[in-house]
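There are 2 protein chains.
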Amino acid sequence: VDLVTGDDLARAAARLSGRLVRTPLLESARLSDEFGVRVLLKPENLQHTGSFKVRGMLNAMLARADGGALPAGVATFSAGNAAAAMSYAARLLGIPAVVCMPPGAVEAKVQAVYRYGGEIVFTDALVATCEQIAAERGFLVLHPFDDPEVIAGQGTTGVEIMRDCPEPDLLLVPVGGGGLISGVSAAVRAAQAGGAAKTKVIGVEPATADAMSHALATGSPTPPPTRPSSIADGLAAPFAGPNTLAHVQAHVDEVLTVDEEAIRDAWWPLVESTKLLVEPSAVVGLAALRAGLVKPAAGATVVLLLSGGNASRTGIAEVAGAA
Amino acid sequence: VDLVTGDDLARAAARLSGRLVRTPLLESARLSDEFGVRVLLKPENLQHTGSFKVRGMLNAMLARADGGALPAGVATFSAGNAAAAMSYAARLLGIPAVVCMPPGAVEAKVQAVYRYGGEIVFTDALVATCEQIAAERGFLVLHPFDDPEVIAGQGTTGVEIMRDCPEPDLLLVPVGGGGLISGVSAAVRAAQAGGAAKTKVIGVEPATADAMSHALATGSPTPPPTRPSSIADGLAAPFAGPNTLAHVQAHVDEVLTVDEEAIRDAWWPLVESTKLLVEPSAVVGLAALRAGLVKPAAGATVVLLLSGGNASRTGIAEVAGAA
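Written as structure tokens, this is what we have:
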């Protein structure tokens, strides 16, 4: 497995420049006060399609187009954000997209795919169905997280963070299949190459959807024994990948798990204090802080990577109404 | 009445630099698609205290401190956002703040004042009570919108917009007492001084809280005959002021009104499509677009100024749950 390099990240950033939202790095006075640290937010819920996923999908497609190999169409499997991201990117490039999604996918994510002209096949056999359809139609399967160009695209999130705040003490990154933390940790290490590895990168995944922790423990990206399921639907990847596991092993300091109650309890407080509509997957970093699972030193600069905002409308109504 | 100048705005921007959030200008692909124009969002819900109001309050206090006249304490009257903003700014400067608010103020705004150490007096006689308390304690009354330094501070929102997008075709700005649109329109005209006045600035206020429309119609900032009241609680100013009326007369192209149903109907769509938690006051520009009250040319660049995010929790639960 080759790790994503600073050059890969620079090429990805150049491809995406002007096509996506340059998300800011926002200081949260409220969360800073609450935790006695400087809390910065990277709000990828404000990205086109409502999540960081479009960075990876668009970079992977543009990389193939640059290489003269724009496919006839593209296919992927996803809880929804990668599906919407692929649909958006495919529409930009003028090719069709078909996405396999689980039958219980969040409605906001289903609607996002349709909005961008994607075709959805609902199935529990996500990977097999995706590969079969792609073979039938001559489409390219883009892995939603374990493709090197997808990882490089997600890594542009980290490139921007390090440009806006050159020396954060800690990054808390949601982990599903691991594409985001792979790219972001590669960007952090590339930005700090030659210097001391000052910035800690900590991944957070749901205790009930811990494919990466399982892969780290076993040393291989085999699926965990129980099928992942979480209120953080975007993190319920059935397995990590060889590429993402290698990046996490090389670059990430620790991967923690948080329980469902902690995620649920942190959801509305995050929305209310930051004024950002996020989905539960984006909340795991704050949940880890609230639970005391990470204890940054007083005054440390802590970046919460808010991965997406495609929240269930009924979920938001429930947590907002639960006062 | 002296209008705020480019120099006033530059001084305000210098005072506030590094103390507040430099909010971005975000492109909304979804709203752009929906209206066939380029929609840019200025998300002041992401500002410290959850609204633009802190710009004006902090600038007004710093201007007095720069002049060697930091008061013993400050007082204002407000539906809530100016109250929270004053409390935050006063805490930064180490002086006490007392704010008069209506008994029915939104709970999120009440909590924001307490969070920043402000003292609240609930009263329907907002102005008289505020002046009496300030006189008793020797505090300075800062008008929540009709103070020239407050207007200059709010205008830094416009300075930033024009820096990030030098030639927008249209700005849609929520109007309560008129402090925001006064400062922002002054910034637009200052940025375009000497050139053609290309950018239209249109104010939007609730039909049931139309103090500025009434002032424009009568040529004086007298209170409208019926007491203002709106779901957009932040815009229910009982009157415009001589300073804000003069700025609107000089710089603003038009002030429109939108009805309550249009505001309510646009609230969740704005939150859901932009992933920004905003309060109803911030929604009036989108409501005007949806109602066809403004019809920008195809491809025009339209800036929606999202004034704040201190939404009622039950209100959000209701509109999110109304699917």
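Protein chains in written order, with the working numbering: chain B, 1 to 323; chain V, 1001 to 1323.
The beta carbon of each residue, even a glycine, is placed where N, CA and C say it ideally should be.
Predicted model only: the values in this text are computed from it and were never measured.
Inspect the beta-carbon positions of residue i and residue j and report whether they are closer than 7 angstroms.
| i | j | result |
| --- | --- | --- |
| GLY80/B | VAL121/B | no |
| VAL1175/V | MET1212/V | yes |
| ALA1207/V | THR1257/V | yes |
| THR1076/V | VAL1099/V | yes |
| VAL1278/V | LEU1306/V | yes |
| GLY1183/V | GLY1138/V | no |
| TYR1116/V | ARG1091/V | yes |
| VAL303/B | LEU40/B | yes |
| ALA215/B | PRO228/B | no |
| PRO1238/V | PRO1223/V | yes |
| ALA1082/V | LYS1042/V | no |
| GLY1050/V | GLY1309/V | yes |
| ALA1134/V | VAL1127/V | no |
| VAL188/B | GLY153/B | no |
| VAL1037/V | PRO1269/V | no |
| VAL201/B | SER185/B | yes |
| ILE263/B | ALA282/B | no |
| ASP1146/V | GLY1241/V | yes |
| ALA84/B | ALA112/B | yes |
| ILE1231/V | GLU1261/V | no |
| LEU1009/V | MET1061/V | no |
| ALA1250/V | VAL1001/V | no |
| ALA317/B | ALA1317/V | yes |
Is residue i helix, strand or coil when you go by DSSP?
| i | result |
| --- | --- |
| LYS1042/V | strand |
| VAL204/B | strand |
| SER1005/V | The question names Ser, yet the displayed sequence has Thr at residue 1005/V. Here THR1005/V sits in coil by DSSP. |
| ALA1317/V | helix |
| LEU1126/V | helix |
| LEU1289/V | helix |
| GLY1308/V | strand |
| THR199/B | coil |
| VAL303/B | strand |
| GLU1167/V | coil |
| GLY104/B | coil |
| GLY1194/V | coil |
| GLY1068/V | coil |
| VAL294/B | coil |
Tell me the residue span of the alpha helix (DSSP H) that contains residue i.
| i | result |
| --- | --- |
| LEU1180/V | 1179-1191 |
| VAL248/B | 242-251 |
| THR1076/V | Element bounds for THR1076/V: not the alpha helix (DSSP H) but the beta strand (DSSP E), 1074-1077. |
| VAL1113/V | 1107-1115 |
Residue i versus chain V: which residues are under 8 angstroms apart at the beta carbon?
| i | result |
| --- | --- |
| ALA320/B | ARG1313, THR1314, ILE1316, ALA1317, ALA1320 |
| GLY50/B | LYS1275 |
By the DSSP assignment, the beta strand (DSSP E) with residue i in it spans what residues?
| i | result |
| --- | --- |
| GLU119/B | 119-122 |
| LEU1093/V | Premise fails: LEU1093/V lies in the alpha helix (DSSP H), 1081-1093, not in any beta strand (DSSP E). |
| ALA1097/V | 1097-1101 |
| VAL173/B | 170-174 |
Residues of chain V with CB closer than 7 angstroms to the CB of residue i, please, in chain order.
| i | result |
| --- | --- |
| GLU167/B | Chain V residues near GLU167/B: none, gap ~18 angstroms exceeds 7 angstroms. |
| PRO269/B | None at all; the shortest Cβ gap to chain V is about 11 angstroms. |
| GLY309/B | LYS1275 |
Run through chain V and tell me which residues come within less than 9 angstroms of residue i, C-beta to C-beta.
| i | result |
| --- | --- |
| GLU27/B | VAL1021, HIS1048 |
Please compile the residues from chain B whose C-beta is within a distance smaller than 9 angstroms of the C-beta of residue i.
| i | result |
| --- | --- |
| HIS1045/V | It is worth fixing the name first, because residue 1045/V is Asn in this sequence and not His. In chain order: LYS275, LEU276. |
At a CB-CB cut-off below 7 angstroms, which residues of chain B make contact with residue i?
| i | result |
| --- | --- |
| PRO1024/V | PRO24 |
From the beta carbon of residue i, is the nearest beta carbon of chain C less than 7 angstroms away?
| i | result |
| --- | --- |
| ALA193/B | This model lacks chain C altogether; the protein chains it does include are B and V. |
Using a threshold of 6 angstroms, is the CB atom of residue i nearer than that to any non-hydrogen atom of the ligand MG?
| i | result |
| --- | --- |
| CYS1165/V | Summarising the ligand content, the structure contains no ligands, and the ligand MG is consequently not present. |
Kindly provide the ranges of any alpha helix (DSSP H) runs that are 4 or more residues long and lie completely inside the segment 129-155 of chain B, ordered along the chain.
Taken in chain order, no unbroken stretch of alpha helix (DSSP H) lies wholly in the segment 129-155 of chain B with a span of 4 residues or more.
List in chain order: all unbroken alpha helix (DSSP H) runs of 4+ residues lying wholly within the segment 1011-1064 of chain V.
Whole alpha helix (DSSP H) segments, 4+ residues: 1029-1035.
Which runs of the alpha helix (DSSP H) at least 4 residues long sit entirely within the segment 1210-1287 of chain V? Give them in chain order.
When DSSP assignments are scanned along the segment 1210-1287 of chain V, the uninterrupted stretches of alpha helix (DSSP H) that are 4 or more residues long and fall wholly within it turn out to be 1211-1218, 1242-1251, 1260-1274.
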